[in-house]
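Taking full-length UniProt numbering, the leading residue of the sequence shown gets 1, the next gets one more, and so forth.
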Amino acid sequence: MIRIIVKEMMKACASPTRRASTEIAKKLVAMYPKSLQDVIEGDVVGQGYHSLVKQIQARIENVKRSTSPVLQKRKLGGSDDTDEITPEKRPSVQDTYGCIKWDMKFLPVTETLETQQEKKERMKILSEQTSFSHEEVKTLMNCTYYSQRKAINSGADMQTIIEEWPFLFQPIGMIVHFEELTGVPLKETFLTSLEKKGKRLLDFLKNTCADKSKRVLEAVIKLRMQRGQLKGCSKDVKDMMLLLLSYFDEKEETLFHYVDETCLAKEVHVESLPVTPCIIVCGSSCFASRLFMLSIDQKVVNDQITDFISAICLMLGSYYCLNIHYPLELGSTLEFLQRFKGGDTAKTRESLSRH
1 MIRIIVKEMM KACASPTRRA STEIAKKLVA MYPKSLQDVI EGDVVGQGYH
51 SLVKQIQARI ENVKRSTSPV LQKRKLGGSD DTDEITPEKR PSVQDTYGCI
101 KWDMKFLPVT ETLETQQEKK ERMKILSEQT SFSHEEVKTL MNCTYYSQRK
151 AINSGADMQT IIEEWPFLFQ PIGMIVHFEE LTGVPLKETF LTSLEKKGKR
201 LLDFLKNTCA DKSKRVLEAV IKLRMQRGQL KGCSKDVKDM MLLLLSYFDE
251 KEETLFHYVD ETCLAKEVHV ESLPVTPCII VCGSSCFASR LFMLSIDQKV
301 VNDQITDFIS AICLMLGSYY CLNIHYPLEL GSTLEFLQRF KGGDTAKTRE
351 SLSRH
């Protein structure tokens with residue numbers, strides 16, 4: 001059915017938009033709700049047509065991919081080489097991601113360009129120290145938010161941002177920037193959502209989904225063997241993340257890259273990493289690992305992440321703070337986490353589509 005629909009759509013337009021797909025999905029679901037509507041445990045999920053839109057869009061992408069002479073890939077060489085959104089397109093992503101202070105027009109009234117530079121240099125010094133005042137760093141990150149956004153929105157390359165704003169890639173700095181950008185406390189909101197909805201979601205994935213999908217069932221069995229008798233919130237989050245990838249049929253290696261337990265940042269084969277934010281797992285599995293790293297643009301930007309939840313929050317925050325598109329290979333999982341983190345049960349469940 002999807003193939004026929006897309007074939008007819010592409011006769012009228014070679015590159016149908018998501019809006020067009022949504023309108024068609026709405027009409028089809030209205031005509032055939034029993035067959036096409038998104039339902040979980042008897043409840044209509046969201047607007048009821050999310051999964052159909054996703055399937056139509058996926059088919060369109062597949063057709064376009066097969067007819068395109070050259071895949072537009074991210075370059076690996078230049079210093080201005082990023083998979084981030086061009087300045088002229090970024091405002092539309094601001095709307096999509098729900099940012100409230102994406103582009104700062106003016107300096108804070110208490111700041112000048114000189115004071116911004118002084119504070120930036122102070123943070124560079126602090127980042128080299130083994131011990132520093134967390135409150136001072138939070139204050140400095142908050143005060144220099146204007147300069148951080150200007151650097152990011154101007155298209156500065158990743159290496160420059162790493163060197164100029166080292167705390168942006170650590171939890172203490174990412175949390176401040178993210179909250180300024182979105183009005184939402186990143187880790188606090190994620191943990192609250194876990195407390196409210198985590199158990200129900202995990203039960204749904206392990207039981208309802210596993211009963212209906214051989215792929216999810218195999219993932220449940222594999223994770224049970226990896227996890228063993230380990231318990232705790234962090235272990236549940238690992239289960240949840242890996243089962244979501246399986247549920248949405250998205251590739252684990254695009255989000256997690258496994259290295260030896262003793263691997264150092266300089267020993268990571270960065271050329272094998274995806275260009276989008278990726279969690280490097282130091283160990284044979286997420287359950288066995290006691291150390292994680294974060295890579296962005298095939299560069300290790302943080303090699304001392306000691307807990308899994310912080311790694312997830314840094315990864316999610318990077319997409320927002322650095323204006324990075326969700327990759328097609330992880331689109332459903334990341335979109336789901338975006339809604340899950342937002343704390344809205346209805347929107348979260350809208351992302352779980354029937355398969």
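A virtual CB, placed ideally from N, CA and C, is assigned to each residue, including glycine. Note that the structure is predicted; figures quoted are calculated from it, not measured.
The Cβ-Cβ distance between residue 126 and residue 313 does not fall below 8 Å. According to the DSSP assignment, residue 256 belongs to the beta strand (DSSP E) that extends over 256-259.
If you check the CB distance, residue 321 and residue 158 do not come in under 8 Å. Looking at 156, 167 and 327, the one whose alpha-carbon comes closest to that of residue 139 is 167.
Taking 4 residues as the minimum length, the alpha helix (DSSP H) runs contained wholly in the region 146-230 are 158-164, 171-182, 186-193, 199-203 and 214-227, in order along the chain. The DSSP-derived three-state label of residue 299 is strand. Nearest Cα to residue 182 within the set 116, 201, 242 and 99: 99. Pairing residue 123 with residue 165, the inter-Cα distance amounts to about 8 Å. Contact holds between the region 243-255 and the region 274-282, because three or more Cβ pairs, one in each stretch, are under 8 Å apart. According to the DSSP secondary-structure assignment, residue 281 is paired through a beta bridge with 258 and 292. Of 171, 202, 132 and 200, the smallest CA-CA separation from residue 302 is found for 171. Comparing C-alpha distances from residue 245 to each of 202, 161 and 128 shows the shortest one belongs to 202. By the Cβ-count criterion, residue 169 is buried, with 16 or more other Cβ atoms from all chains shown falling within 10 Å of its own Cβ.
Per DSSP, reduced to three states, the secondary structure at residue 44 is strand.
Here residue 240 has 202 as same chain residues with Cβ atoms under 6 Å from its own Cβ, once five neighbours each way along the sequence are excluded. Under the DSSP assignment, residue 321 falls in the alpha helix (DSSP H) whose first and last residues are 308-321. If you draw a straight line from the Cα of residue 113 to the Cα of residue 107, it comes to about 8 Å.
A distance below 8 Å separates the beta carbons of residue 216 and residue 243. Going by C-alpha positions, residue 264 is about 11 Å away from residue 291. Only buried fits residue 327, as 16 or more other CB atoms lie within 10 angstroms of its CB. Beta-bridge partners assigned by DSSP to residue 39: 44. The alpha-carbon separation between residue 213 and residue 288 amounts to approximately 26 Å.
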